[in-house]
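*Asks:*
Protein chains in written order, with the working numbering: chain A, 318 to 529; chain B, 61 to 264; chain C, 93 to 502.
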């Protein structure tokens, strides 16, 4: 089984602008993944499919993930002039990390009985640049799964033969699996005294729920 | 009108007396035809009830009809999603009177474990009237049999005349309800306000 | 609603797109007398009829819908429509604790709660590095294989019931199922929704009486399968309805992500119990049956053969099960927070490859929780299997795919 480093090396040779990055996985299983630039994704998949040693022929799983914008606090030591002396002062810098949507693919090889190879792709942002290439023409198993990602996360797959909502009805406008999705205000009371639910119940009865 | 004492005395002598209402209800309650209509997990228990071990045929209710036009009873067996709710209401509307509904399982009653879900209807009684609720996730087959017996009792008590007569004998009671439409964020309307009133919880 | 339309193939494609069964398109003439779900289209290709099967249909195994375009009785196009049981399993799991999701996995594929538990526990164990002790692994194999037997015999019952053998085979299958459910009930407290496995082991231990009872059930089961086969395998109607119907080639199956008995019926030797050797499956000797043709009859036969192999595994496991603890000592119930990371765990559930993909951000609930449902993937090929067949074959083909809506829509 080829390691991911070898794949990146080979792909770097044959693909002009591969834009591959190895993503580490700190969990005990340690299955790492490759972050691929959307422009070279299909080429990389074809390369891995045609490689004799890797020979992926089975796309098992397609997952969408939402990473909303978040503020990452970073502590940096900055040299400052304090009372004429140069001093190191710890400062907290707040970086606004732009949100994006991610798609993760798990590939296996049935012929070699090996895998998984995990590839991931990211969109530019969460609103406008949400188009990614579709893998359905190469692997039919992505058909329903990409439709699911489109339905629940709102990622548009270019080249998908029949991209429309799969679970929700066509008139539905939201992308419910996104982290900032607001549920419709449709239940009245909850006997369990969870604070979150109680606040919600109160809002419901007072009638000032924005989702109503 | 014979009183109960005389009735039992006569039956000891081999004379059966009855009223039209009683024999009508007796016939109805022993031949309930359910709609063969499963939504989720509970449907498997519903099938199990009609199979050999639990044998629903003992209650005259083993004739599961695939068409709502031939059914008396709708067993809402499982989670009703918002996408499915219009179809459930439409099926109810298509059933001929008199018709009954058993809400089987926590999901059909209130959304159950999936209550937090954005696509889950929080109880089918928001759209159609329910006669018997059975809690459980899923209810055991015995619980469904109990629901059948409760329904049989309910049918047996129904009056054909007078003030409290059965809904299907009254022209002013609705037998069809509004089918909700798919909206941009939720169903429209989200509930049948004439039929369903939210429970009032008094916290001490 | 009847529609008169010049429909060549490209127009048909458009029709099967977003606006299927949308009656407001120009060119459609309302006509009373036909149900709303049926339309007739006229054109060069002859008359084609659009029929919407489901979501309430006696043989769609739940609330599944297919929009079928028919030319006479031959299927021209078929689009499955999902979502009637989409109950937001993944969203709910991302809001509650890891352990809180365990009972929800029971309700995914409500025939096989034990294997669902196992798949989820396996993924979390991959994420956290917990290791179930030996006895727990044996219990998992025993309960998992019992589940496989239940699923396969019930599937065969439903499959032949859809063909018109109303009652008898399904009654026989459910009679056996009740025996195995009794075992589950005495072990876990619930018939169907067992909620039995935990991260790093199982919830409660088996008793020797339970083992003796399980042995009895397992010993009696082959006799039942023989009886079942006498009824079915050489039945002329079953052969006529299922042989050479819905043939799936092996390349197509792999490319479309088909797994489980359906893949093996097409002759691909890919059983995760042999490939991944998860748990302790490398200790048992069993065979992987493969189908020669890949038609509905092969898929039916394969289930019976697999049930027999499962019984073989069960016999070995019930004999060899050691004494010992049933939980990893490192596993904790309260404040269970895996370190940040991700894991994709998969097992061979009775329906196919059941995968759970988890991303942890170090919190009490998973950041992303995803179920790779074998039924949904197996339905990818439904249209390819059905095109060219007659409408009555849809039911047979769908029955042989073995779907459970709780898992497809989640």
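Every residue gets a Cβ at the ideal spot worked out from N, C-alpha and C, and that includes glycine.
If distances are taken between C-alpha atoms only, which option among A:320, A:323, A:484 and A:498 comes closest to residue 187 (chain C)?
*Replies:* For the residues A:320, A:323, A:484 and A:498, the minimum Cα distance to residue 187 (chain C) belongs to A:498.
*Asks:* Could you pull out every residue in the same chain whose Cβ sits closer than 6 Å to the Cβ of residue 216 (chain B), ignoring the five residues on either side in sequence?
*Replies:* Cβ within range, chain order: 85 and 89.
*Asks:* Between residue 144 (chain B) and chain C, is any beta-carbon pair separated by less than 7 Å?
*Replies:* With 7 Å as the cut-off, residue 144 (chain B) counts as an interface residue toward chain C.
*Asks:* Can you pull the DSSP bridge partners for residue 423 (chain A)?
*Replies:* Partner(s): A:378 and A:435.
*Asks:* Using the Cα positions of residue 546 (chain A) and residue 358 (chain C), report the straight-line distance between them to the nearest angstrom.
*Replies:* Only positions 318 to 529 of chain A appear in the structure, and residue 546 (chain A) is not among them; the question remains open.
*Asks:* State the Cα-Cα distance for the pair residue 442 (chain A) and residue 338 (chain A), rounded to the nearest angstrom.
*Replies:* So the two alpha carbons sit approximately 19 Å from each other.
*Asks:* Taking the alpha carbon of residue 230 (chain C) as the reference point, which residue from C:313, C:240 and C:410 has its own alpha carbon closest?
*Replies:* Closest option to residue 230 (chain C), Cα to Cα, is C:410.
*Asks:* Kindly indicate if chain A contains any beta-carbon less than 7 Å away from that of residue 208 (chain C).
*Replies:* No, because no Cβ of chain A sits closer than 7 Å to the Cβ of residue 208 (chain C).
*Asks:* Check each candidate in C:249, C:160 and C:273 and name the one with the smallest Cα separation from residue 153 (chain C).
*Replies:* Of C:249, C:160 and C:273, the residue nearest in Cα terms is C:249.
*Asks:* If you draw a straight line from the C-alpha of residue 450 (chain A) to the C-alpha of residue 336 (chain A), how long is it?
*Replies:* When rounded, the distance between both Cα atoms is 15 Å.
*Asks:* Rounded to whole angstroms, how far is the Cβ of residue 193 (chain C) from the Cβ of residue 370 (chain C), which I believe are closer than 8 Å?
*Replies:* Actually they are not in contact, since the Cβ atoms of residue 193 (chain C) and residue 370 (chain C) sit about 20 Å apart, beyond 8 Å.
*Asks:* By Cβ distance below 8 Å, which residues in the same chain neighbour residue 386 (chain C) in space, the five residues on each side in sequence not counted?
*Replies:* Around residue 386 (chain C): 339, 340, 341, 342, 345, 357, 358 and 359.
*Asks:* In this structure, what does DSSP give as the bridge partners for residue 241 (chain B)?
*Replies:* Paired residues: B:248.
*Asks:* Is it true that the CB of residue 439 (chain A) sits closer than 7 Å to the CB of residue 421 (chain A)?
*Replies:* Their beta carbons are not under 7 Å apart, which means residue 421 (chain A) does not touch residue 439 (chain A) by this criterion.
*Asks:* Going by beta-carbon coordinates alone, are residue 506 (chain C) and residue 444 (chain C) separated by less than 7 Å?
*Replies:* Limits of chain C in this structure are 93 at one end and 502 at the other, which puts residue 506 (chain C) out of reach.
*Asks:* Does the beta-carbon distance from residue 128 (chain B) to residue 147 (chain B) come in below 7 Å?
*Replies:* Taking 7 Å as the Cβ cut-off, residue 128 (chain B) and residue 147 (chain B) do not qualify as a contacting pair.
*Asks:* Considering residue 429 (chain A), what are the terminal residues of the alpha helix (DSSP H) in which it resides?
*Replies:* Segment: none, residue 429 (chain A) is in no alpha helix (DSSP H) and carries neither H nor E.
*Asks:* Is the distance from the Cβ of residue 401 (chain C) to the Cβ of residue 379 (chain C) below 7 Å?
*Replies:* Yes.
*Asks:* Rank B:237, B:68 and B:167 by C-alpha distance to the C-alpha of residue 32 (chain B) and give the top, closest one.
*Replies:* Since the first residue of chain B shown is 61 and the last is 264, residue 32 (chain B) is not available in this structure.
*Asks:* Rounded to whole angstroms, what is the Cα-Cα separation between residue 397 (chain A) and residue 388 (chain A)?
*Replies:* Their backbone Cα atoms lie some 25 Å apart in a straight line.
*Asks:* Go to residue 444 (chain C), then tell me how far its beta strand (DSSP E) extends in each direction, as first and last residue.
*Replies:* Counting along the chain, the beta strand (DSSP E) containing residue 444 (chain C) begins and ends at 444-452.
*Asks:* Let's see if you can read the secondary structure: which residues bound the beta strand (DSSP E) around residue 412 (chain A)?
*Replies:* Taken as a continuous stretch (DSSP letters only), the beta strand (DSSP E) holding residue 412 (chain A) covers 402-414.
*Asks:* Would the beta-carbon of residue 210 (chain C) fall within 7 Å of that of residue 263 (chain C)?
*Replies:* No, the pair does not count as a contact, with Cβ atoms beyond the cut-off.
*Asks:* What are the start and end residues of the beta strand (DSSP E) that includes residue 162 (chain B)?
*Replies:* Per DSSP, residue 162 (chain B) belongs to the beta strand (DSSP E) from 160-164.
*Asks:* Can you tell me whether DSSP reads residue 503 (chain A) as helix, strand or coil?
*Replies:* Residue 503 (chain A) falls in the coil class under three-state DSSP.
*Asks:* Tell me whether residue 407 (chain A) is buried or exposed, calling it buried when 16 or more other Cβ atoms sit within 10 Å of its Cβ.
*Replies:* It is exposed - the Cβ of residue 407 (chain A) has fewer than 16 other Cβ atoms within 10 Å.
*Asks:* For the alpha helix (DSSP H) holding residue 176 (chain C), just list the boundary residues, first then last.
*Replies:* Segment: none, residue 176 (chain C) is in no alpha helix (DSSP H) and carries neither H nor E.
*Asks:* Quick one: does residue 183 (chain C) have its CB under 7 Å from some CB of chain A?
*Replies:* Yes - at least one Cβ of chain A is within 7 Å of the one on residue 183 (chain C).
*Asks:* Residues of chain A with a CB under 8 Å from the CB of residue 219 (chain C): which are they?
*Replies:* Residues of chain A passing the Cβ test: 344, 345 and 346.
*Asks:* When the Cα atoms are used, what is the spatial distance from residue 155 (chain C) to residue 352 (chain A)?
*Replies:* Cα-Cα distance, rounded: 38 Å.
*Asks:* Should residue 251 (chain C) be flagged as near chain B, meaning a C-beta pair shorter than 7 Å?
*Replies:* Cβ-Cβ to chain B under 7 Å: no for residue 251 (chain C).
*Asks:* Are there three or more Cβ pairs, one per stretch, closer than 8 Å when the stretch 487-495 of chain C is compared with the stretch 467-474 of chain C?
*Replies:* Segments in contact, yes.
*Asks:* On the DSSP bridge assignment, give the partners of residue 396 (chain A) in chain order.
*Replies:* Residue 396 (chain A) pairs with A:405.
*Asks:* In the structure shown, what three-state DSSP assignment does residue 389 (chain C) receive?
*Replies:* The answer is helix: DSSP assigns residue 389 (chain C) an H, G or I state.
*Asks:* On the three-state DSSP scale, how would you describe residue 437 (chain C)?
*Replies:* If DSSP states are grouped into helix, strand and coil, residue 437 (chain C) belongs with the strands.
*Asks:* Look at the Cβ atom of residue 234 (chain C), then the Cβ atom of residue 265 (chain C), and state whether they are nearer than 7 Å.
*Replies:* Cβ atoms of residue 234 (chain C) and residue 265 (chain C): not closer than 7 Å.
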